[in-house]
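Residue numbering for the sequence shown follows this note's numbering, beginning at 27 and increasing consecutively. Yeah, the Cβ is synthetic: ideal placement off N, Cα and C, and Gly gets one too. Remember, it's a predicted structure, so these values are computed and weren't measured experimentally.
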Amino acid sequence: MVKKTILWALVIGCMVMIFSFSAQPAGDSMDLSDGLLHKILQALHISLPESVITFMRVFIRKVAHFSIYMLLGFLMYLLVHTGYSVKEKASAWQAVLYSFLYAVTDEVHQLFVPGRSGMVKDVVIDSLGASFGVAIAFGICFLLIRRRKNG
27 MVKKTILWAL VIGCMVMIFS FSAQPAGDSM DLSDGLLHKI LQALHISLPE SVITFMRVFI
87 RKVAHFSIYM LLGFLMYLLV HTGYSVKEKA SAWQAVLYSF LYAVTDEVHQ LFVPGRSGMV
147 KDVVIDSLGA SFGVAIAFGI CFLLIRRRKN G
């Protein structure tokens, strides 16, 4: 019961984090991405042309989408599999489905945020990230179960 509660808290915490990033107006969100990019460039003492910076800005935003949903997929798999004792493959499919549905609602939410828009390609990126996170969790659980059986 404690494990399930902790997993629920982690999944909801991840969802809240996604929601809060999505609730930022476009300017604030862009400032966050730009700030990160400029800190990286300054730390590495790199100067880039504006066209490359524009590409990097978009790249960072898409990597952020992928990464946060990778975490959500990972946690969602653990919740479904460990918290509810669903078999491995069924847990994987459910975790991907739930993450996909959350990605869709996240993009719909962005339609109501000033300067933001819901984008199908972001749902695809989010779903790929979630799938990758599920695959990692599936693999870890598979190896742990196999190790336990072999002693």
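Counting C-beta atoms within 10 angstroms of its own C-beta, ASP152 has 16 or more neighbours from the protein chains shown and is therefore classed as buried. Only residues of its own chain outside the window of five on either side were considered, and among them ASP132, HIS135 have a CB closer than 8 Å to the CB of PHE45, listed in chain order. When rounded, the separation of the alpha-carbon atoms in MET43 and ILE86 is 17 Å.
Boundaries of the alpha helix (DSSP H) harbouring LEU104: 76-104, taken from the DSSP string. Going by C-alpha positions, GLY165 is about 39 Å away from GLY141. Beyond the five residues adjoining it in sequence on each side, VAL106 comes within less than 7 Å, by CB distance, of VAL112, SER117, GLN120, ALA121 in the same chain, given in chain order.
Cβ atoms of HIS64 and ASP148 stay farther apart than 8 Å, at about 23 Å.
In this model, GLN50 and LEU98 are separated by some 20 Å (Cα to Cα). Per DSSP, GLY144 is not a residue of any alpha helix (DSSP H), being assigned neither H nor E.
By the criterion of a C-beta distance shorter than 7 Å, MET96 is surrounded in its chain by GLY155, ALA156, PHE158, GLY159, once the five residues flanking it on both sides are discounted. Each of ALA161, VAL139, PHE138, VAL130 was checked against the Cα of VAL146, and the nearest Cα belongs to VAL130. When DSSP states are grouped into helix, strand and coil, HIS135 belongs to the helix group.
By alpha-carbon distance to SER125, the top candidate from LEU101, GLU114, GLY144 is LEU101. Comparing alpha carbon positions, the residue from ALA69, TYR110, LEU123 closest to LEU33 is TYR110.
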